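Data first, discussion second: the structure below is written as structure tokens.
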Ligand SMILES: Nc1ncnc2c1ncn2[C@@H]1O[C@H](COP(=O)(O)OP(=O)(O)OP(=O)(O)O)[C@@H](O)[C@H]1O
Ligand SMILES: [Mg+2]
């Protein structure tokens, strides 16, 4: 501070103070983000995965749980590879995978067409809203899995009874979401179409149905979960050739690693269906910004 | 002061101009609750005239506009555009709402030709693209023709809505608080744009508004409405020279007119 050396102590202090204030102006206050919020997604996911793996390995290696209840990560991994090679080589497991896959896709398409039609009936007509909707709500509140024995009795032990159960479960969310979506048009949008002289069909096709799409896709994602649950439940109860039957057989043989790996491959089927829906949604509902919160779905 | 107030005067403007829209002894009772929303409303819009209706909330302005647009049937009286009674929505009526209501899955230009697509089909809509581009030029939005509405600001969206209203070349423009959702600066600017467009096209316009200065700066004639039942309490001719600019707001003459209307509206709340 040589420039200030000739000043009195008080003036010196004041000058120092001024300099400090000067410096303070340059200080930028950065809000500190906690470390845990700064971890990138892939690292966070990997970290959690490794942590669970470690706990899993630890509890089995120390003999805390019996291998019949919970096999170790290594045994499970070996079985995953075995089932994987069986699937790739086109053996009986691939047959089973295709059977369940077919069941899921048929059921989804049936649920989509019936659910969408009923949804339009309920959302667009007074008759549907007043007469049909109460029955749908009544059926929807029932535990639909309980209908499985009925479908097996009606349609036999083949793929049909499983398709029926899965479609039955998945139809309701599609009806409800389609109907809700058809109510989404605002007062001014309706007035606009009316003032342009649009017919009821034109208003439905050019305004209400496009506006209903985000709702419909939300329903389809729920339905995708529903068809998977329905198909597997059907195969548990009604036997047949699908993955559900394989799981049941493995479980009855206490082959727990096999159950685990079958479930993992099964989840690929559900994931594939889900991602397909997301892809279609991205293509058709590109205009809706509220669709993808946090990059999930 | 060029302000003349005529009580209960259902007369049209200067006799030399052609009447475009005629309303006589119009009454509206909502059947749902028996509420009398309009009683004995008389008004005539002359060709090229800009008229506004102003009044307290709930006095029946939107009801009147919906009847004029053919969106709502009147209970009694005569409502005629170009000599023929209005029995439903018509191609020769252009409408604008408080919200721009552009469809987000269509580009700006596709939104603008939509009235033609609905009435005459897709091929006709394609044919109207050139006209739509001319309109976009008119409102200074040509750069946004192929953009989706999600990328437009509020003012830009309303300008697109103006184009959509004009594409069918309507006889009369019905505007229900078209700029009230915009911020004040944008709103002033849009009002000046509206004045320019209406003058350029010699458009006949009917504006519903809550803003007295907005009504005064835009209108040749203001209808002051009162509620219960909704009726026209006073008709005020605005003889201020055109084109009007925002500077006018600071003149004494403008202030006097605004003050007079405010006094009239305040009476209702006493
Ligand atoms: N569909 C309807 N059924 C019954 N009454 C209605 C209906 N629509 C409006 N009304 C009544 O008619 C009166 C006038 O309504 P209107 O919407 O025309 O008012 P407004 O002048 O446009 O009000 P604001 O300035 O708030 O928009 C109100 O008292 C309202 O309650
Ligand atoms: Mg209103």
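Chains as they are written, first to last, in my numbering: chain D, 1 to 297; chain E, 1001 to 1270.
Quick reminder that beta carbons are idealized off the backbone N, C-alpha and C, glycines included.
Note that this is a predicted model, so its numbers are computed, not measured.
- Under the Cβ criterion of 8 Å, residue 194 of chain D is counted among the residues facing chain E.
- Using a CB distance below 7 Å, no part of the segment 1165 to 1176 of chain E faces chain D.
- The set of residues whose C-beta lies within less than 7 Å of a heavy atom of ligand 2 reads, in chain order, E:1061, E:1062, E:1176, E:1177, E:1208.
- Identification of residues in the segment 1216 to 1232 of chain E having a C-beta nearer than 9 Å to some C-beta of chain D yields an empty set.
- One alpha carbon belongs to residue 1129 of chain E, the other to residue 1120 of chain E, and they sit about 14 Å apart.
- Residue 1044 of chain E sits in a strand when the DSSP states are folded into three classes.
- When the alpha-carbon of residue 1217 of chain E is set against those of E:1227, E:1191, E:1086, the nearest one is in E:1191.
- Taking a 10 Å sphere around the C-beta of residue 142 of chain D, we find fewer than 16 other C-beta atoms and assign the residue as exposed.
- Excluding residues up to 5 positions away in sequence, 148, 149, 152 lie with their Cβ nearer than 8 Å to the Cβ of residue 237 of chain D in the same chain.
- For residue 1193 of chain E, the closest of E:1138, E:1090, E:1143, E:1226 by C-alpha to C-alpha distance is E:1138.
- Inter-segment contact for the segment 1015 to 1035 of chain E and the segment 1070 to 1077 of chain E is present: three or more beta-carbon pairs are separated by less than 8 Å.
- Chain-order list of chain D residues neighbouring residue 1101 of chain E: 186, 188, 189, 191, 192, by C-beta distance under 9 Å.
- Counting only Cβ-Cβ distances below 9 Å, residue 279 of chain D has no contacts in chain E at all, with the closest Cβ about 17 Å away.
- Contact check for residue 107 of chain D against residue 175 of chain D fails: the beta carbons are separated by 8 Å or more.
- By the CB criterion at 8 Å, residue 1086 of chain E and residue 1060 of chain E fall outside the cutoff.
- For residue 1213 of chain E, no pairing in a beta bridge is given by DSSP.
- Scanning its chain for C-beta atoms nearer than 6 Å, with the 5 sequence neighbours on each side dropped, one finds around residue 1162 of chain E the residues 1139, in chain order.
- Per the coordinates, the alpha-carbon of residue 284 of chain D lies some 14 Å from the alpha-carbon of residue 206 of chain D.
- At a cut-off of 8 Å between C-beta atoms, residue 210 of chain D counts as an interface residue with respect to chain E.
- Residue 208 of chain D and residue 101 of chain D have their C-alpha atoms roughly 33 Å apart.
- If you check the C-beta of residue 1179 of chain E against ligand 1, you find no heavy atom less than 7 Å away.
- Fewer than three beta-carbon pairs drawn from the segment 189 to 205 of chain D and the segment 266 to 281 of chain D are found closer than 8 Å, and the two stretches are therefore not classed as touching.
- Residues of chain E with a Cβ closer than 7 Å to the Cβ of residue 287 of chain D are, in chain order, 1104, 1105, 1148, 1150.
- The shortest CA-to-CA distance from residue 199 of chain D to any of E:1261, E:1262, E:1115, E:1234 is the one to E:1115.
- Residue 135 of chain D carries a helical assignment under DSSP once its states are collapsed to helix, strand and coil.
- Residues of chain E whose Cβ lies closer than 8 Å to the Cβ of residue 202 of chain D are, in chain order, 1118.
- Taking CB atoms only, residue 1194 of chain E has no neighbour in chain D less than 8 Å away.
- For the options E:1223, E:1225, E:1260, E:1219, the alpha carbon positioned closest to that of residue 1240 of chain E is the one of E:1219.
- Judged by the Cβ position, residue 1035 of chain E qualifies as a neighbour of ligand 1 at the 7 Å threshold, a heavy atom of the ligand being closer than this.
- With respect to chain D, the C-beta atom of residue 1145 of chain E has no partner C-beta closer than 8 Å.
- Proximity of residue 218 of chain D to chain E, defined by a Cβ-Cβ separation below 8 Å, is not satisfied.
- With the criterion set as a beta carbon lying under 9 Å from some beta carbon of chain D, the members of the segment 1061 to 1073 of chain E are 1066, 1069, 1070, 1071, in sequence order.
- Within chain D, the residues whose beta carbon sits less than 9 Å from that of residue 1098 of chain E are 188, listed in sequence order.
- At a cut-off of 8 Å between beta-carbon atoms, residue 1205 of chain E makes no contact with chain D.
- Runs of the alpha helix (DSSP H) lying entirely within the segment 85 to 135 of chain D and spanning at least 4 residues, in chain order: 92 to 124.
- Across the structure, residue 1090 of chain E and residue 188 of chain D are spaced so that their CA atoms are roughly 17 Å apart.
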